[in-house]
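Below: the structure, in structure tokens.
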Amino acid sequence: MRNVALVGHSGSGKTTLAEALLLHTGTIARAGRVEEGTTTSDFDEIEIKQKRSVNLALTPFTSDGVTVHMLDTPGYADFTGDLRAGLRAADCALFVVSATDGIDGVTRLLWEECAAVSMPRAVVVTKVDHGRADFATVLAECQGAFGEGVLPLYLPVAGPDGTGVSGLIGLLSETFYDYSSGKREASAVSEADAELMGPARDSLIEGIITESEDETLMERYLSGETVPVDVLISDLETAVARGSFYPVLAAAATHGIGLAELLEIVTQAFPSPLEHPLPPVVSADSGKPVTGLTCDPDGPLLAEVVKTTSDPYVGRISLVRVFSGTLRPDMSVHVSGHGRAERGHPDHDDDERVGALTSPLGKQQRPMQACPAGTVCAVAKLSTAETGDTLSSREQPLLMEPWSMPEPLLPVAIVARSKADEDKLSAALARLVAEDPTMRLEINAETHQLVLWCMGEAHADVLLDRLSSRYGVAVDTTPLRVPLRETVSLAARGLGRNVKQTGGHGEYGICHIEVEPLPPGEGDGFVFVDKIVGGVVPRQFIPSVEKGVRSQMEAGVLAGYPMTNVRVTLFDGKAHPVDSSDMAFQKAGRAALRDACEKAAPMLLEPVDEVSILVPDDYVGAIMSDLSGRRGRVIGTEAVGIGRTLIRAEVPELEMTRYSIDLRSVSHGTGSFTRGYLRHEPLPSHLAARVAGESKP
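Using my numbering, the letters of the sequence shown correspond one by one to residues 216 to 912.
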């Protein structure tokens, strides 16, 4: 068994390659086309409409007696959650690089992620038969970006007219695999091809010997001894499985070129689940580490939900990777979800009964009698399980350490289109949150907006589309309101007069107050001072004045935003023995604050974020220039690793609402950032009027 994640940027040809492998192994009778929306793995309505992968898809097949679970991951940066879920479920990664487009910054970052966990990797250069294909240039790019140990096993050979690809040269076997007839035919290499492969073959052999566990092999090779091919192949397979050597293959999926060679690497060199260490595990009861677990079908049950989907007809379906034990239909399991409360996923522990087990292939769900350790399968009717949850036995509940998820940093405010949509919105959003751990749902306590925090525009579009097409909930986006504040810049006095006589009991309350800016660090944004002398305002009504002042501060006096950093001093007033009341002095307090603030030069305060941006050195200048245009202040920079810089800055939150999109554009997808509230600062006067008008609730 092999669990392989297909990784690469959008458009590199991952789905086309997976489709070709399914056809090559006889799993499907006819390959679909991405541009026509007919592929096996991209069957979601959104994927068909957008003609790109937005979901993690399982494409299982069998080759030479080896079951391969190929996990086709999305290549667009907005769907990093599904990509990391695919890496979690896999034991090795196959990086797909287009021979026409080369590699991008996102692919480099993914390579580093895999390197951090020592995941075995290989590279397949696709579209080598394209008119603009340049295998040599792309190979050099891969070697420059991915480092040592990235060496080709095969070289593509152009057709007789110098275009296309007629076959591949096997560097170790010194064999030409001719595909010009539509079938793979092996023959000896020609003299011209032998000259072409000479330097590449020498580099490959030296690279394999360097990684060999036989320390005498290099000496024998340097002394002129011919190393047997079977020894080289054995050492190659060991080095690939160990994650220290990364073979490069060439393929033209639409014509079947290179598929047999790729399958040899997948089935013979990639590690089985037995060779891949399990993620850290703790007891769900005590939190203490649990050791000794292995990929043993007879061991304690340990599985993880790597993907959750909700079908309107079938219900919730969980894609599960079993790491230990065996999962069977109708068995009772413990579902543990911890560590993602800040993303809207509260910690939970539940006991559930497993529904049917299936092996998904596109829309097909092929029944399974059992799902042993190492297998990836689909589980029906786990009603409380969410993406990232751990499945274990009720007698020994376990919890796997959650995989890291990027923080969603694009806020999108939404409102239900109608009352009927509003009634269904809550349940639909709960399902979306269960499916997608990269999404965060927020009901802003200050602006009272419902905000979806997304990974980017494409992610937001998919979420809104799912609400509409899958759950029948129509929503509209609305401009995001940033939580501004109001304050005063001068000291001023104000009169609050609430005197009414309407027959019977009236209202009588008069108070004089002074407002002034509160010095930094004093109080918690508001201080109320009582300086009443002689009982001109009875003691029982002084709290009423303060309550009225606080009420008006919450409502604001300038643009409807809460006030802060204000000291209010009550120094005089009048009361009536009959008509004065709690409510009368509350109204007087509100009126007094409004009157005083008109004279105290009220102003708006905007939140300022502390921002940390990590980018390659090549983009530091562009990022700093962009920050300057956002009224940002760069606090400092520092080198992080090789070729990267961390920029620390303070940026107004008003300028950060679309920064995740803009940073991706400026850094070509290679930049990342974090942000956190720092403080409120005065909003420049030339922006205050416009922002107040647009943002006033």
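Glycine is no exception: its CB is placed at the ideal position from the N, C-alpha and C atoms. No experiment lies behind these values; they were computed from the predicted model shown.
Given residue i as reference, the closest of the options once Cα atoms are compared
{"i": "Cys726", "options": "Ala292, Arg712, Val463", "result": "Arg712"}
{"i": "Pro623", "options": "Arg646, Pro652, His553", "result": "Pro652"}
{"i": "Thr274", "options": "Ile243, Leu773, Asp500, Ala660", "result": "Ile243"}
{"i": "Ala815", "options": "Asp604, Leu733, Val760, Gly851", "result": "Leu733"}
{"i": "Val283", "options": "Glu440, Ser227, Gln483, Lys398", "result": "Gln483"}
{"i": "Leu614", "options": "Val688, Arg685, Phe538", "result": "Phe538"}
{"i": "Arg681", "options": "His470, Ala645, Met285, Leu665", "result": "Ala645"}
{"i": "Arg894", "options": "Tyr776, Pro758, Pro698", "result": "Pro698"}
{"i": "Met798", "options": "Gly721, Thr784, Lys398", "result": "Gly721"}
{"i": "Glu406", "options": "Pro617, Glu389, Ile420, Glu650", "result": "Glu389"}
{"i": "Leu902", "options": "Pro867, Arg859, Pro375, Gly884", "result": "Pro867"}
{"i": "Thr872", "options": "Thr662, Val764, Pro626", "result": "Pro626"}
{"i": "Trp668", "options": "Ala409, Leu678, Thr662, Glu661", "result": "Leu678"}
{"i": "Thr692", "options": "Val666, Ala649, Ile629", "result": "Ile629"}
{"i": "Arg217", "options": "Pro621, Arg846, Val281, Pro492", "result": "Val281"}
{"i": "Asp565", "options": "Ala571, Thr573, Ser547", "result": "Ser547"}
{"i": "Arg765", "options": "Gly671, Gln801, Gly530", "result": "Gln801"}
{"i": "Val748", "options": "Gly771, Ile757, Pro831", "result": "Ile757"}
{"i": "Leu232", "options": "Val311, Arg267, Gly296, Phe294", "result": "Val311"}
{"i": "Gly247", "options": "Gly577, Glu410, Phe743", "result": "Gly577"}
{"i": "Arg905", "options": "Gly671, Arg696, Glu410, Thr378", "result": "Arg696"}
{"i": "Gly226", "options": "Leu808, Val648, Ser268", "result": "Ser268"}
{"i": "His842", "options": "Pro414, Glu865, Ser619, Ala235", "result": "The sequence given here places Leu at residue 842; His does not occur at that position. Looking at the Cα atoms, Glu865 is the closest of the given residues."}
{"i": "Glu661", "options": "Leu640, Leu411, Arg700, Ala673", "result": "Arg700"}
Identified DSSP bridge partners for residue i
{"i": "Tyr369", "result": "Gly385"}
{"i": "Gly430", "result": "First, the amino acid is wrong: residue 430 is Glu here, not Gly. None, per the DSSP bridge assignment."}
{"i": "Thr889", "result": "Ser827"}
{"i": "Leu819", "result": "Glu701"}
{"i": "Gln579", "result": "Leu576"}
{"i": "Ile725", "result": "Arg712, Lys789"}
{"i": "Asn218", "result": "His284"}
{"i": "Asp393", "result": "Gly382, Glu400"}
{"i": "His491", "result": "According to DSSP, His491 bridges with nothing at all."}
{"i": "Phe741", "result": "Val781"}
Other residues of its chain near residue i: CB distance less than 7 Å, five sequence neighbours each side excluded
{"i": "Asp393", "result": "Ser381, Gly382, Glu400, Ser402"}
{"i": "Pro897", "result": "Met818, Leu820"}
{"i": "Leu432", "result": "Ile424, Val442"}
{"i": "Ala305", "result": "Asn218, Val219, Ala220, Leu286"}
Residues near residue i in its chain [Cβ-Cβ closer than 6 Å; skip 5 each side]
{"i": "Ala308", "result": "Ala220, Val222, Cys329, Met334, Arg336"}
{"i": "Leu597", "result": "Ser533, Glu567"}
{"i": "Ala272", "result": "Ser256, Asp287"}
{"i": "Val321", "result": "His224, Ala292, Gly884"}
{"i": "Arg863", "result": "Ser827, Ile850, Gly851"}
{"i": "Glu769", "result": "Pro777"}
{"i": "Ala675", "result": "Val627, Cys669"}
Assigned exposure category for residue i - 16 Cβ within 10 Å defines buried
{"i": "Thr352", "result": "exposed"}
{"i": "Lys634", "result": "exposed"}
{"i": "Lys342", "result": "buried"}
{"i": "Pro912", "result": "Low confidence applies here, because Pro912 scores a pLDDT of 48, under 50, leaving its location unreliable; read the following figure in that light. Under this definition Pro912 is an exposed residue."}
{"i": "Pro462", "result": "buried"}
{"i": "Thr792", "result": "Contrary to the premise, residue 792 reads as Pro rather than Thr in this sequence. Burial call: exposed."}
{"i": "Tyr874", "result": "buried"}
{"i": "Asp259", "result": "buried"}
{"i": "Ser880", "result": "exposed"}
{"i": "Pro914", "result": "No statement about residue 914 is possible, as the shown extent of the chain runs from 216 to 912 and does not include it."}
{"i": "Ser278", "result": "buried"}
{"i": "Leu437", "result": "exposed"}
{"i": "His663", "result": "exposed"}
{"i": "Glu650", "result": "buried"}
{"i": "Gln579", "result": "exposed"}
{"i": "Gly385", "result": "buried"}
{"i": "Leu705", "result": "exposed"}
Nonlocal neighbours in the same chain, by C-beta distance under 8 Å from residue i, ignoring five residues either side
{"i": "Ala360", "result": "Ile318, Thr322, Arg323, Trp326"}
{"i": "Leu464", "result": "Ala337, Val338, Val339, Val340, Pro367, Leu368, Tyr369, Gly473, Glu476, Leu477, Ile480"}
{"i": "Val535", "result": "Ala518, Glu519, Val520, Val521, Leu542, Cys586, Val591, Cys592, Ala593, Val594, Leu606"}
{"i": "Lys746", "result": "Thr784, Leu785, Phe786"}
- With a cut-off of 8 Å, do at least 3 Cβ pairs link the segment 734-752 to the segment 766-780? yes
- Item | Inter-stretch contact at 8 Å, needing at least 3 Cβ pairs: the segment 671-690 / the segment 751-760 | no
- Query: Taking contact to mean at least 3 C-beta pairs separated by less than 8 Å, is the segment 515-531 in contact with the segment 600-610?
  - Reply: yes
- Taking three-plus beta-carbon pairs below 8 Å as touching, is the segment 451-465 in contact with the segment 553-564? no
- Would you call the segment 496-511 and the segment 352-372 in contact, with 3 or more CB pairs under 8 Å? no
- Message: Check whether the segment 485-494 and the segment 504-512 are in contact - that is, three or more C-beta pairs closer than 8 Å.
- Response: yes
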